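When we follow numbering that gives the first Met the number 0, the leftmost residue of the sequence shown carries the number 0, and every step to the right adds one. Note sheet for the following structure.
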Amino acid sequence: MSSSLISPSELDYIIRGVDDNLRADGRGRLDYREVILETGLIFQANGSARCRLSKGTDVLVGVKVEIGSIEIDGTDEEVAAVKAKRGRVVCNVECSPIASQQFAGRGADDINNELTQLVDRVLNGPQGGLNLEKLCIIPGEECWVVYIDALVLDYGGNILDLIFMTIRAALYNTRVPKTVIEEDKEVEISDDVEEWERIEGWELVPISITLNKIGTRHIVDATVLEELATKAKLSVMVNKNGKICGIQKIGGGSIEHGLLNEMMQTGRSIGQNLILNLDKMLQKEDEINAERAKNDKIGFFAAA
């Protein structure tokens with residue numbers, strides 16, 4: 000977003016607040032807003048989750064697994080041999096026009112494509128976490144294809160971080176059916192839901208920590224106004240073990256070498272702690288869902 004959309008007085012107020020470690024909503028530079036999490040919302044999906052940042056950004060993710068053909072592109076024999084034994088992850092991110100005015104019109108396609116490509120690059124990359132080899136059913140022929148669809152329902156800043164958090168929660172909620180290969184290479188899918196399992200490696204799926212350079216300092220979990228005051232962004236992809244799995248610079252501004260190292264280490268530390276809290280929330284959500292399943296749902300019948 001263009002900084003021309005913010006007045007000089009607002010810009011000065013934000014910069015001074017960041018310098019004093021006291022932002023407009025009372026948070027410090029490295030404080031996140033409250034994350035509200037729900038799982039198992041879409042019954043037709045193999046897994047789903049919804050995350051909200053307080054009263055700000057709201058993201059819904061559905062995961063669907065289907066048997067598909069193994070795609071081998073390119074002429075490199077070594078690459079082809081690896082792909083012949085791996086499943087696939089297909090990502091799609093869509094920002095709803097009702098979430099923000101910037102998601103309406105032609106500009107929305109560019110935003111959607113940029114976010115989709117970034118998510119796809121991380122999850123299909125070597126540090127994506129998911130064990131794609133375990134998703135292979137018949138080498139060179141069939142595999143599980145994991146379709147991940149993210150929908151941004153509301154926007155209040157820090158969209159990329161929340162997308163990755165919600166994807167990780169949805170993958171935790173995802174179960175893949177057990178398959179048996181017959182002698183004629185026919186694939187039989189188990190109907191017993193109790194035998195379905197999580198995708199191996201989901202716990203190593205990284206999340207994003209986006210650090211916004213405002214003035215000479217940086218903050219995390221920026222609001223819309225703070226993003227307008229941002230000169231440059233650095234998104235650090237971090238997994239559960241604190242390993243940096245990728246870095247993406249966003250925006251045209253520069254980041255000094257010393258500040259870059261500091262931002263990377265900040266992202267790594269915050270990311271590891273955030274995943275720890277996220278996993279605790281997921282376990283608690285499992286307990287809540289199990290309790291809900293025991294109780295009768297409250298509803299009504301429409302009168303004739």
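In this text, a Cβ means the ideal position worked out from N, Cα and C, and glycines have one as well. Fair warning: this is a prediction, and the values are worked out from it, not measured in the lab.
In terms of residue numbering, what span does the beta strand (DSSP E) encompassing S207 cover? Translated into the one-based positions of the sequence shown, residue 207 becomes position 208. It spans 206–213 - the beta strand (DSSP E) in which S207 sits, taken as one unbroken run.
Using only the alpha-carbon positions, how far apart do L40 and S47 sit? Along the sequence shown, read from residue 1 onward, the residue named residue 40 stands at position 41. Along the sequence shown, read from residue 1 onward, the residue named residue 47 stands at position 48. Put simply, the backbone Cα of L40 is about 6 Å away from that of S47.
Would you tell me roughly how many angstroms separate the C-alpha atoms of G252 and G155, rounded to the nearest one? Here the question's residue 252 lines up with position 253 in the sequence shown. Here the question's residue 155 lines up with position 156 in the sequence shown. Roughly 22 Å between the two C-alpha positions.
Considering only the beta carbon of each residue, do I69 and E9 sit closer than 8 Å? Translated into positions along the sequence shown, residue 69 becomes position 70. Translated into positions along the sequence shown, residue 9 becomes position 10. No, the pair does not count as a contact, with Cβ atoms beyond the cut-off.
C-alpha distance - H256 paired with K230, whole-angstrom precision: Translated into positions along the sequence shown, residue 256 becomes position 257. Translated into positions along the sequence shown, residue 230 becomes position 231. So the alpha carbons of these two residues sit roughly 15 Å apart.
At 3 residues or longer, what runs of the beta strand (DSSP E) sit wholly inside the region 77–124? 87–94
Using DSSP's beta-bridge definition, name the partner residues of M236. Looking up residue 236 in the sequence shown gives position 237. According to DSSP, which records beta bridges pairwise, M236 is partnered with S207, G245.
Taking A365 as part of the alpha helix (DSSP H), name the residues at either end of that continuous run. The structure shown does not extend to residue 365, since the chain is modelled only from 0 to 303, so the question has no answer here.
Own chain residues within Cβ distance below 6 Å of G250, not counting five before or after: Looking up residue 250 in the sequence shown gives position 251. A231, K232, listed in sequence order.
Under three-state DSSP, which class holds F173? Locating residue 173 in the sequence shown gives position 174, where the first residue counts as 1. For the record, residue 173 in the displayed sequence is Thr; it is not Phe. Residue state, collapsed to three classes: coil.
If contact is defined by three or more beta carbon pairs under 8 Å, each pair taking one atom from either stretch, is the region 30–45 in contact with the region 284–292? With the rule of 3 Cβ pairs closer than 8 Å, the region 284–292 counts as touching the region 30–45.
Inter-stretch contact at 8 Å, needing at least 3 Cβ pairs: the region 84–92 / the region 186–196: no
By the DSSP assignment, the alpha helix (DSSP H) with R197 in it spans what residues? Taking the first residue of the sequence shown as position 1, residue 197 is located at position 198. Neither: R197 is in no alpha helix (DSSP H) and is coded neither H nor E.
For E33, which residues from the same chain have a beta carbon less than 6 Å from its beta carbon, with the 5 sequence-adjacent residues on both sides left out? For the purposes of this step, residue 33 is taken as the residue at position 34 of the sequence shown. S53, listed in sequence order.
Could you tell me which of L152, E284, L258, V237 sits nearest to R267, measuring between CA atoms? The sequence position of residue 267 within the sequence shown is 268, counting from 1. Nearest C-alpha to R267: V237.
Out of curiosity, what's the CA-to-CA distance linking E193 and D285? Counted from its first residue, the sequence shown places residue 193 at position 194. Counted from its first residue, the sequence shown places residue 285 at position 286. Rounded to whole angstroms, E193 to D285 spans 15 Å at the Cα level.
Return the chain-ordered list of same chain residues with a C-beta closer than 6 Å to the C-beta of D160, the five sequence neighbours on each side being excluded. Walking along the sequence shown from the start, residue 160 turns up at place 161. The answer, listed in chain order, is S207, T209.
Opposite A149 in the DSSP bridges: which residues? To locate residue 149, count along the sequence shown from 1; it is residue 150. Bridge pairing for A149: V60, V92 [DSSP].
What is the DSSP secondary structure of L40, reduced to helix, strand or coil? One-based indexing of the sequence shown puts residue 40 at position 41. L40 falls in the coil class under three-state DSSP.
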